[in-house]
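Residue numbers (this note's numbering): 972 to 1460.
Where a beta carbon is used, it is the ideal one built from N, C-alpha and C, also for glycine.
Here the structure is laid out as structure tokens; the discussion comes afterwards.
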Amino acid sequence: MKNLSKYQWYQKIYENTPKIHKEAKEYARKLGVDRLKEDIGLYAGSSSRPGNLPNYVLDEIVKANQSGKTYTLTEVENQLRDVVKSVYGDEYDAVAANTCEACLRIASTTLFQPPIMRLGEAYRARVIMPYAEDIEWTGGYGRAFPPRYKNLLVDRTISGGELGVEGKSLFNLDIVFVRMAGATYDCHGVRWNPTPLLTKVNANKTIERLAKAAERHASNLAGFACTGYDTPSYGHSELDENGTPVLLKGISELANEYEVPFLVDTGSSIPFIGVSPKDIGCDVITYSMDKAGRAPCSGLMIGKEETMSQIRKGMGLAGQRYGDTSSHGKATFTYSDPGRDTVIGLVAYLKTLRDNPYLIKAPIDKFHKILVEEFEELEPKWLQEKLIFCKTYQLGGTEINYERTWSDNRKGIPIFTLEDLYANTNPIASAQVEMNVEPATIYAGKMFLGPGLGTLDIDGNLIEEYARLAAKSLVGALNIVNKYAGLLD
């Protein structure tokens, strides 16, 4: 396969999928995975398949419902605010929604969308955003600018027909995508689309590019937005002494200079033990608390008090209607109501993060150690020295980046796109499915792995036997695919 062009090479790997699956099943039998009654997986969970809630969350929900008292939603929401303020200070505030996507829509509508009232034509507004990875979530709320990026999101995870693409965009809002200095945007995978490869991003030069874009669009500038994961695969190899991405701090300074908001999306992240919004300097940061977090399905927004006051008003949380009853569920964003028991569980999880972070950090530490050990079996051996292992408490697990296997003018571990992951055209992931393992999140030259799906017990402790089996399944899947990619020749 050495002389094949890149698209031919990927297609040849994909054509061998039946053989890959057959070997994967045999490998699973050898490991004994096929005999397990329990589910095991390699990532913490998603909104479509969240991990099970631990006792320290479930117990608080049960206690509240069996206390003989009917708590108002305002009471438990204020508990949420108090926990966040105890960590970040009184100048910060918080609010919960039913999903992180709801948080992004609420924040984008409140902070970026031009007003729709008053006579005359409404003006257009523009938000500047680095062209990175996972940009479809925040970047989908405006029309892409320049037009060369108008199809950037079409095949991505927001594409549910007209309502998925155009229906998500807000009134008269554009998203200006700016390429990151040092990044490459090569085409990879069976689904032949650009794949942002970001381990070599130069933060200061990227900030200069963003500043030039802000100057060009100053008359329409409404804000900045960025994906905020603190790992090399998202362009954040350069960190300051506190572990805060230099790029995010630079964008915050630009936002302050232009007096516009800065929204950071860290959907699959954990607050408190990860990157601090105070260190970034952003106005709002968002989380999906049922992924890496072990809370009920919910979104969480934390931000500066001035900004959060506007957001809370839009959610019906800032004004009293009759006596002590808030107007919750009666404002613009009534669809985002998280429900009382969800907030009770979320508060329980946040209190654990604050008061006993070891319960959350220990499984991440142990799983990372297992992964490093098991990847010593990766074939061929030359691939091992090209991997970048990054343990991240913010993302609740370990990121393994393999961009550098594509060096010295030779092909490396196949790089599949996010589209391949969702279209089931990524043989590495589908091989794990054949092993009866929920696969790692693999796209854009990275693998993200974390404890959660079947690898944590009811108290939140790592089940090391299952974690190691899951890790072995991934290395086995990679070795099988690498063989059919011709890397063992």
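**Prompt:** Got a sec: is the Cβ-Cβ distance from K1454 to anything in chain B below 8 Å?
**Reply:** This model lacks chain B altogether; it includes just one protein chain.
**Request:** May I ask you to report which of helix, strand or coil DSSP gives T1412?
**Result:** strand
**Request:** Inspect the CB distances between the stretch 1172–1180 and the stretch 1343–1358 and report whether three or more fall short of 8 Å.
**Result:** no
**Prompt:** If S1378 and M1406 are in contact, beta carbons under 8 Å, what's the gap, nearest whole angstrom?
**Reply:** Not a contact, Cβ separation roughly 30 Å.
**Asked** What is the rounded straight-line gap between the Cα of L1317 and the Cα of V1055?
**Response** 11 Å
**Asked** The beta strand (DSSP E) with D1145 in it runs from where to where?
**Response** L1144 to R1150
**Prompt:** Roughly how many angstroms separate the alpha carbons of G1447 and Y1156, rounded to a whole number?
**Reply:** 29 Å
**Message:** Rounding to the nearest angstrom, what Cα-Cα distance links D1312 and K993 in this structure?
**Reply:** 45 Å
**Request:** Determine the direct distance from the alpha carbon of D1391 to that of N1143, and round the result to whole angstroms.
**Result:** 32 Å
**Prompt:** CB-CB under 6 Å to L1354, same chain, minus the five flanking residues each way: which ones, in chain order?
**Reply:** T1376
**Request:** Pick out whichever of D1460, S1038 and V1452 has its Cα sitting closest to the Cα of Y985.
**Result:** V1452
**Asked** By how many angstroms is the C-alpha of L1288 removed from the C-alpha of V1047?
**Response** 12 Å
**Exposure of F1360, with buried meaning 16 or more beta-carbon neighbours within 10 Å** = exposed
**Request:** Would you mind stating whether L1141 and A1154 have Cβ atoms separated by less than 8 Å?
**Result:** no
**Request:** Note down, one range per segment and in chain order, each alpha helix (DSSP H) of at least 4 residues found wholly within the stretch 984–1057.
**Result:** 988–1002 and 1026–1036
**Message:** Taking its Cβ as the centre, do 16 or more other Cβ atoms sit within 10 Å of Y1293, making it buried, or is it exposed?
**Reply:** Per-residue confidence for Y1293 stands at a pLDDT of 49, beneath the threshold of 50, marking its modelled position as unreliable; no derived number is given.
**Asked** Along the chain, where does the alpha helix (DSSP H) that runs through Y1306 open and close?
**Response** Unbroken run through Y1306: none, as it is neither H nor E.
**Message:** What would DSSP say about C1074, mapped onto helix, strand or coil?
**Reply:** helix
**Request:** List the whole-angstrom C-beta distance separating L1024 from P1267, where the pair is believed to meet the contact cut-off of C-beta under 8 Å.
**Result:** 7 Å
**Item:** Top-ranked residue by Cα proximity to Q1281, from E1209, L1225 and P1232
**Value:** P1232
**Request:** Report yes or no: do the stretch 1101–1115 and the stretch 1067–1076 share at least 3 C-beta pairs separated by less than 8 Å?
**Result:** yes
**Request:** Specify whether the stretch 1316–1330 and the stretch 1055–1071 touch according to this definition: at least 3 beta carbon pairs, one from each stretch, less than 8 Å apart.
**Result:** yes
**Message:** Can you check which of these residues, A1400, E1062 and I1273, is closest to V1246 by C-alpha distance?
**Reply:** I1273
**Cβ distance (whole Å) where Y1373 is taken to contact L1358 below 8 Å** = 6 Å
**Request:** Identify the continuous alpha helix (DSSP H) that holds H1339 and give its terminal residues.
**Result:** Y1329 to E1345
**Asked** Hey, quick one: how far does the beta strand (DSSP E) through S1259 stretch, first residue to last?
**Response** V1255 to S1259
**Prompt:** Does the distance from the CB of D1421 to the CB of Y1437 come in under 8 Å?
**Reply:** Inspection of the sequence shows that residue 1421 is occupied by Gly rather than by Asp. Contact: no.
**Prompt:** With DSSP run on the structure shown, which of helix, strand or coil describes I941?
**Reply:** Any property of residue 941 remains undetermined from this structure, which presents the chain solely from 972 to 1460.
**Prompt:** DSSP state of E1092, grouped into three classes?
**Reply:** coil
**Asked** Would DSSP call R1265 helix, strand or coil?
**Response** coil
**Prompt:** Can you tell me the Cα-Cα spacing of P1351 and K1001, whole angstroms?
**Reply:** 21 Å
**Prompt:** Could you give the residue range of the alpha helix (DSSP H) that holds L1141?
**Reply:** It is not in any alpha helix (DSSP H) - L1141 carries neither H nor E in the DSSP assignment.
**Asked** Going by beta carbon distance, what residues of the same chain come within less than 7 Å of T1202, once the five residues before and after it are set aside?
**Response** C1361, T1363, L1366 and E1370
**Message:** Rounded to the nearest angstrom, what separates A1456 and A1415 at their Cα positions?
**Reply:** 17 Å
**Message:** With the cut-off set at 8 Å, would you say A1103 and T1045 are in Cβ contact?
**Reply:** no
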